[in-house]
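Sequential numbering from 1 applies to the sequence shown in UniProt numbering. Cβ atoms here follow ideal geometry from the backbone N, Cα and C, with glycine treated the same way. Just so we're clear, the structure is a prediction, and the values are computed from it rather than from any experiment. A quick write-up on the structure given underneath.
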Amino acid sequence: MPVYLAAYFLENYLFMEKSNAAALLAQDAQAVWHPFTPLVGSAQPLLVTHAQGAYLYTSDGRQIIDAIGSWWVNLHGHSHPHIAQAVARQATQLEHVIFAGFTHEPAISLATRLLEVLPTNQKKIFYSDNGSTSIEVSLKMAMQYWYNQEGENTRRRKVVALEGAYHGDTFGAMSVGERSPFNAPFAPFLFDVHFLPVPYTPDVFSAADATDTQACLQAFTELVQTQEVAAFIFEPLLQGTAGMKMFSRDLLNELLAIAKKHDVLCIADEIMTGFGRTGKLFACEYLDVAPDMMCLSKGLTGGALPLGITTCTEKIMEAYRSYDLLKTFFHGHSFTANPLACAAANASLDLLLAPESVANRARIAAKHRAFAERISTKSFVRQVRALGVVLAVEFETQTQTSYVNEARHYLYQYFLDQDILLRPLGNIVYILPPYIISDEDLEKVYQAIEQIKL
Ligand SMILES: *Cc1c(COP(=O)(O)O)cnc(C)c1O
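So, in structure tokens, the structure goes:
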């Protein structure tokens, strides 16, 4: 084809693509309600046409570095062929089936393989659809654990959580989360939860202020001594939504020991921290005491499909092993253990446990630590925190640190203008990249952070 003709077609093609994108975006504005997004005054969303590795490609021809793993879910890069093939294969074999009275290989092998890598006291896998549902399951499982043994008059009615906690957006999950402007409309409908003041530390290995630690332990001890606490739920060591805030491993060990002593069920929410984010496969591996239940989602499928899991110990199951039908755990979702999602999770686990992925996580962690050192001396930096592949930089601003901090709007756009996707939490910028991100791209993200002018 003559060059001018090729150019003509290319131009036309690009024009068609462009007008197609414009039409789609107009329809989006009309028909789609996006999460966490005001209906007026928000920028037009970017139309993603495809994604590969660490990059998102948009209809306006941009290649954007996905430095937050698409809301903390993506582990191995986008459209990974190993996961794609596993899902495609599964789709032609068994796409879905009712999970009561029926079972299937992808769910069985995923459960078996997960139990091999989870803390050894975890013995059973309960499937659901997402992070919030895995939390709902854990709370209901804990409440019924007491009900099954002590009946409706059980004193174990209290749930304890940590200040700053985020466990999801459904009602139970909201109840155990920090009360914030975001859930204010629902506040009257949330059940009462006791929140412990948690002293944050620059990293999980340093000790917290002794007075604050005592206050936290004291508050917890007083609560559990009432014998009224059913469960204690926490994000182990690293509170994501709170702003990638870390607290001391020693403190959590002590809290868990106190809980254990008073028979309080401990629920570890590893929805964000699981699958290698903190430098171990699960954050609980840093602890001396294993939890009674764990919640998993996000990275579970490598970020390809929604899936949630709640795991529990033999002790929990014991309370449900009964011929009394009413002691059954009556909970389930239509898409429980969806075979496509389980196939994706199995494929993701292959990748996660492979030496390349282990090496990548160590590489990113080392680069984060070096960058943390490099940036910590800057005057605009209040604190830098690094754990595993998570790096958070908290900036000095006039106002207090919070999600609604206006710095966030400026920062989000600042990074996007450089083709980097970061979604600051208030004045806290964090990186949580897919493990395959290149050193060059990491460096690009670091430099963008370094050159911020607030
Ligand atoms: C994201 C998240 C949840 C909620 O998961 P969804 O899948 O968004 O419902 C719960 N807990 C933690 C720690 C999370 O990061």
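- Setting aside the 5 residues that flank it on each side, Q418 is surrounded in the same chain by A448, each with a C-beta closer than 6 Å to its C-beta; the list follows chain order.
- In terms of Cβ geometry, G426 and R361 do not form a close pair [threshold 8 Å].
- Per DSSP, C284 lies in no alpha helix (DSSP H) and is assigned neither H nor E.
- Assignment of T311 by DSSP, reduced to helix, strand and coil, places it in the strand class.
- Cβ-Cβ distances below 6 Å link Y430 to M244 and A392 in the same chain, with the five nearest sequence neighbours on each side left out; the list follows chain order.
- Distances from the CB of H167 to the heavy atoms of ligand 1 include at least one below 7 Å.
- Taken from the Cβ of S70, every heavy atom of ligand 1 lies 7 Å or farther away.
- Taking 7 Å as the cut-off, one finds at least one heavy atom of ligand 1 near enough to the beta carbon of M272.
- Straight across, the Cα-Cα distance linking I267 with P339 is about 26 Å.
- Using a Cβ-Cβ distance cut-off of 8 Å, the segment 90-105 and the segment 73-82 are not in contact, since fewer than three pairs of beta carbons, one from each stretch, lie closer than that value.
- Not one heavy atom of ligand 1 falls within 7 Å of the beta-carbon of K261.
- Assignment of beta strand (DSSP E) within the segment 408-448, counting only whole runs of 3 or more residues, yields 428-431 in chain order.
- Here Q239 is bridged, per DSSP, to K245.
- In this structure, V204 places its C-beta atom within 8 Å of the C-beta atom of M246.
- Residue pairing by DSSP puts H50 in a beta bridge opposite Y57.
- For V393, the uninterrupted beta strand (DSSP E) segment begins and ends at V390 to F395.
- At a cut-off of 7 Å, the beta-carbon of N130 counts as near ligand 1: some heavy atom of the ligand is closer than that.
- Contact fails between the segment 336-356 and the segment 311-322, because fewer than three Cβ pairs, one in each stretch, are under 8 Å apart.
- Assigned with DSSP and collapsed to three states, F186 falls in helix.
- Three or more beta-carbon pairs separated by less than 8 Å are not found between the segment 291-310 and the segment 55-66, which leaves the two stretches without contact.
- Using a Cβ-Cβ distance cut-off of 8 Å, the segment 321-336 and the segment 111-119 are not in contact, since fewer than three pairs of beta carbons, one from each stretch, lie closer than that value.
- In the DSSP assignment, the residues bridged to V384 are V393.
- In terms of side-chain proximity, the C-beta atom of T310 is found no nearer than 7 Å to any non-hydrogen atom of ligand 1.
- Rounded to whole angstroms, S109 and G274 show a C-alpha spacing of 19 Å.
- Here DSSP, grouped into helix, strand and coil, assigns F275 to coil.
- Minimum Cα-Cα distance from H262 among the listed residues G302, P236, Y286 and R156 corresponds to R156.
- In the same chain as H34, and ignoring 5 residues on each side of it, the C-beta atoms closer than 7 Å to its own belong to P45, in chain order.
- According to the DSSP assignment, D212 belongs to the alpha helix (DSSP H) that extends over A210 to Q225.
- For L340, the enclosing alpha helix (DSSP H) has its first and last residue at P339 to L353.
- The closest CA to that of A283, considering only S42, L237, V137 and Q122, is found on L237.
- Positions of the beta strand (DSSP E) runs, each at least 3 residues long and wholly inside the segment 92-136, are given as 122-128 in order along the chain.
- Straight through space, the alpha carbons of A100 and T133 are spaced by roughly 17 Å.
- Pairing S322 with Q149, the inter-Cα distance amounts to about 11 Å.
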